[in-house]
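K.L.:
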C-alpha cells in the first residue's frame with residue numbers, strides 16, 4: 646500500500662499539530678511558523694497555495710493542475726515528492742486522507758479569512774455586530790498571489806477580488822450608518838481604487854463624504870468618476886449617482 | 480518542418496459587473512506576455528465592444544495570410 650493511501654497526517658515530534666502557523670497568500674506568499682518565515686522553493690509554494698485555495702483535493706486533480714504537461718504518472722510522482730518535501734519543511738502540514746490531500750486545519754490562511762468574512766457579511770447583512778469590526782482587518786490585504794499567472798490562480802484572484810469589492814462597499818455602508826466615518830472612508834477609497842469605474846464604489850465614497858459634511862469632496866469625486874466614465878466608455882453616470890450630489894446651478898450636461 | 484520558433488503566448492482577463500439598470504461593465508486586461516508585464520486595461524459597456532477588444536487582441540497574435 647502506498648504510504649499516501651492511508652489516512653495519514655505525519656505528526657511532528659511530541660504528537661502536537663503544526664506550530665502556530667500562518668499562510669499569507671494575499672499581497673505576497675509567506676508561510677510563517679511561530680513568527681518566523683519559512684523559506685521554500687517556488688514549486689512547493691505553488692503546491693501549498695493550491696491546497697490552501699482549493700481545500701481537500703483529489704491527488705489526480707492537484708497533479709493534473711500543477712503538472713499539466715507531463716504524463717499522469719510523472720505528475721503524481723512529482724506530487725508525492727512535493728508533499729514529502731512540504732512535510733519535511735513543516736511536519737504535519739499536508740495530510741493524505743485516502744485519495745485526497747488536505748492541509749492541517751490548524752493552519753490559518755489569510756485569503757480564507759477574507760473570503761469567509763466577505764461571504765458571511767454579504768449573506769447575513771449584519772447591522773451592528775462585533776464580528777464585523779473584527780473582520781474588517783481582513784479586507785486591507787488586496788490581491789491573491791500577485792505576479793503568479795497559473796490559470797487556476799488567475800480565476801481565484803478575480804473571484805476573490807470581486808468578493809472583496811462587494812464586502813468593501815457593504816462594510817462602508819454599515820460603518821456610515823454607525824457613524825464610524827474614518828474607517829468607512831478608508832474602505833470606500835479602497836473600493837474605488839480597486840475598480841474606479843464601478844459606480845457603486847464611487848457612490849459609497851460619495852456617501853461617506855456627505856456623511857462627513859464634505860460636500861466639496863463629494864462633488865469632486867462625482868466629477869472624477871463622470872470624467873473617467875466619459876473618457877473610457879463615452880457614457881454618463883446613472884441618474885442615481887447624479888441624485889446623490891445635485892449639480893450646481895448653471896452646469897451643463899454633456900450632449 | 481517547423482523551426483524552433485518562439486512560442487507566442489498571451490493572457491486576457493475579463494471582469495464583468497452590472498450597474499443599476501442591468502447595464503454591463505467589463506474590465507478587460509490583456510497582455511502578450513504570460514508574466515503580464517505589458518498588461519493593458521480597457522473597459523467595455525456592450526457585448527460588441529467586448530468582442531472588438533477580444534478580436535483586436537487575437538489579431539495581434541495571428542499572422543495575416
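Residue numbers (the numbering used here), protein chains in the order written: chain W, 646 to 900; chain Y, 480 to 544.
C-beta: ideal position from N, C-alpha, C; glycine also.
#1: On the criterion of 16 or more Cβ atoms from any shown chain inside 10 Å, does residue 764 of chain W qualify as buried, or is it exposed?
#2: Are residue 817 of chain W and residue 849 of chain W touching if we call contact CB-CB under 8 angstroms?
#3: If you compare alpha carbons, which of W:886, W:880 and W:843 is closest to residue 863 of chain W?
#4: Quick one, are the C-beta atoms of residue 846 of chain W and residue 814 of chain W less than 8 angstroms apart?
#5: Please decide whether residue 756 of chain W counts as near chain Y, where near means a Cβ-Cβ distance under 8 angstroms.
#6: DSSP state of residue 665 of chain W, grouped into three classes?
#7: Tell me whether residue 480 of chain Y sits in a helix, a strand or coil according to DSSP, three-state version.
#8: With a threshold of 8 angstroms between beta-carbons, can residue 844 of chain W be considered close to chain Y, or not?
#9: Could you please give the first and the last residue of the uninterrupted beta strand (DSSP E) stretch that includes residue 495 of chain Y?
#10: Comparing the C-beta of residue 500 of chain Y with each C-beta of chain W, is any distance below 8 angstroms?
#11: Compute the Euclidean distance between the alpha carbons of residue 724 of chain W and residue 708 of chain W, then round it to the nearest angstrom.
#12: How would you write the range of the beta strand (DSSP E) that residue 520 of chain Y sits in, first residue to last?
#13: Using a Cβ-Cβ cutoff of less than 7 angstroms, which residues in the same chain neighbour residue 481 of chain Y once the five nearest sequence positions on both sides are dropped?
#14: Does the contact criterion of 3 or more C-beta pairs under 8 angstroms hold for the segment 754-761 of chain W versus the segment 689-702 of chain W?
#15: Please decide whether residue 536 of chain Y counts as near chain W, where near means a Cβ-Cβ distance under 8 angstroms.
#16: Determine which residues of the segment 857-883 of chain W have a Cβ less than 7 angstroms from any Cβ of chain Y, and write them out in chain order.
#17: Can you find a C-beta in chain B that's less than 8 angstroms from the C-beta of residue 809 of chain W?
#18: Quick check on DSSP: helix, strand or coil for residue 601 of chain W?
#19: Of the residues W:712, W:672 and W:819, which one's Cα is nearest the Cα of residue 767 of chain W?
#20: Measuring only the C-alpha atoms, how far is residue 851 of chain W from residue 487 of chain Y?
#21: Under a CB-based cut-off of 8 angstroms, is residue 530 of chain Y close to chain W?
#22: Going by beta carbon distance, what residues of the same chain come within less than 7 angstroms of residue 517 of chain Y, once the five residues before and after it are set aside?
#23: Mind checking which residues open and close the alpha helix (DSSP H) that includes residue 808 of chain W?
#24: Please compile the residues from chain W whose C-beta is within a distance smaller than 7 angstroms of the C-beta of residue 524 of chain Y.
#25: Pick helix, strand or coil for residue 651 of chain W, following the three-state DSSP scheme.
#26: Quick check on residue 751 of chain W: does DSSP put it in helix, strand or coil?
#27: Using a beta-carbon distance below 8 angstroms, is residue 803 of chain W in contact with chain Y?
#28: Is it buried or exposed, residue 712 of chain W, if we count other Cβ atoms within 10 angstroms and call 16 or more buried?
#29: State the start and end residues of the unbroken alpha helix (DSSP H) segment that holds residue 672 of chain W.
#30: Anyone know if the C-beta pair for residue 853 of chain W and residue 830 of chain W falls short of 8 angstroms?
#31: So, is the C-beta of residue 799 of chain W closer than 8 angstroms to a C-beta in chain Y?
#32: Can you tell me the Cα-Cα spacing of residue 880 of chain W and residue 720 of chain W, whole angstroms?
#33: List the whole-angstrom C-beta distance separating residue 789 of chain W from residue 670 of chain W, where the pair is believed to meet the contact cut-off of C-beta under 8 angstroms.
#34: Taking 8 angstroms as the CB-CB cut-off, is residue 818 of chain W touching chain Y?
#35: Which residue from W:728, W:733, W:804 and W:810 puts its Cα closest to that of residue 747 of chain W?
P.N.:
Looking at the atomic coordinates:
#1: exposed
#2: yes
#3: W:886
#4: yes
#5: no
#6: coil
#7: Only weak support is given to the placement of residue 480 of chain Y: the predicted model assigns it a pLDDT of 42, under 50, and the value that follows is read from those uncertain coordinates. If DSSP states are grouped into helix, strand and coil, residue 480 of chain Y belongs with coil.
#8: yes
#9: 490-498
#10: yes
#11: Here the alpha carbons of residue 708 of chain W and residue 724 of chain W stand approximately 6 angstroms from one another.
#12: 519-523
#13: Bear in mind that the predicted position of residue 481 of chain Y carries a pLDDT of just 41, short of 50, making it too unreliable to give a figure here.
#14: yes
#15: no
#16: 877, 878, 880 and 883
#17: Considering every chain present, this structure includes no chain B. Its protein chains are W and Y.
#18: With chain W represented from 646 up to 900, any question about residue 601 of chain W goes unanswered, as that position is not in the structure.
#19: W:819
#20: 44 angstroms
#21: no
#22: 510 and 511
#23: 796-822
#24: For residue 524 of chain Y, the chain W residues whose Cβ falls inside 7 angstroms of its Cβ are 878 and 880, in order along the chain.
#25: Confidence is the limiting factor: at residue 651 of chain W the pLDDT is only 39, short of 50, which leaves the residue's position unreliable, though a coordinate-based value still follows. Note: residue 651 of chain W maps to coil in three-state DSSP.
#26: coil
#27: yes
#28: buried
#29: For residue 672 of chain W, there is no enclosing alpha helix (DSSP H), as DSSP gives it neither H nor E.
#30: yes
#31: At least one chain Y Cβ lies under 8 angstroms of residue 799 of chain W.
#32: 50 angstroms
#33: 6 angstroms
#34: no
#35: Nearest neighbour of residue 747 of chain W by Cα position, chosen from W:728, W:733, W:804 and W:810, turns out to be W:728.
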